[in-house]
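The structure appears below as structure tokens.
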């Protein structure tokens, strides 16, 4: 494969990945606690083999190195639900799922049929000690302090755990709201929880749509370049064949 086509195809692959990431962001614009992902691109320089190349004799390919997480908080949405909880600052809730503990900033919780405080998928919200928060049938007048202490008319129920991963960029998304921590976590020293509110997605739809249009235009341009190069080579081969016949 010639250098022009190889370089263009490397860009197409990277651009397709960027488009997929942007599409995922747009799809989760309304998902509470969702954090956007961004692409990291780089030029991969290789020395040309068996060809004369201008400059220093290297060819630059495009690589999508990785994605990184935008940890900027989303806007607060105030509700009338005492079990809606927003995180003011750093940290993630811990919830117990069938596949293990997962982290989330989506703070919409409710009591289950058995009294556990759970998210929309039935995953139990965990305390600072790793246990589940359990409400009794007679519990009402729920209050949640900034430090995560949950109390009712019957007294203190427990304290919500708020953890901080050593490396937020090592978090691996699992659906729109949950993440698997790829690094050790510690309890946030001074949590700031806000009762009666949830954090919205930090996606800005207008910005993402603009980025999507730019990605698609660049993908189309590069595709046309690949096609033009293929046509040029085909034409050259046809002319050589005619000259020899």
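In the working numbering, the protein residues as written are 789 to 1033. Even glycine gets a Cβ: it sits at the ideal position worked out from N, Cα and C.
Integer Cβ distance of residue i from residue j, believed to fall under 8 Å
i           : j           : result
residue 895 : residue 820 : 7 Å
Alpha-carbon spacing of residue i relative to residue j, whole angstroms
i            : j            : result
residue 956  : residue 910  : 25 Å
residue 995  : residue 1001 : 10 Å
residue 908  : residue 1004 : 35 Å
residue 1016 : residue 1022 : 10 Å
residue 807  : residue 799  : 12 Å
residue 937  : residue 967  : 24 Å
residue 906  : residue 828  : 35 Å
residue 856  : residue 826  : 5 Å
residue 869  : residue 804  : 41 Å
residue 816  : residue 998  : 16 Å
residue 898  : residue 928  : 13 Å
Of the listed residues the options, nearest to residue i (C-alpha basis)
i           : options               : result
residue 859 : 872, 869, 866 and 880 : 880
residue 974 : 813, 954 and 899      : 954
residue 809 : 1008, 988 and 961     : 961
residue 913 : 952, 865, 925 and 947 : 947
Cβ-based burial, residue i [other Cβ within 10 Å; buried from 16]
i            : result
residue 802  : buried
residue 949  : buried
residue 862  : buried
residue 988  : buried
residue 1020 : exposed
residue 971  : exposed
residue 991  : buried
Short CB-CB distance (under 7 Å) between residue i and chain C
i            : result
residue 1007 : Absent from the structure is chain C; it holds one protein chain and no more.
Would the region 983-991 and the region 860-874 be scored as touching if the rule is three or more Cβ pairs under 8 Å?
yes
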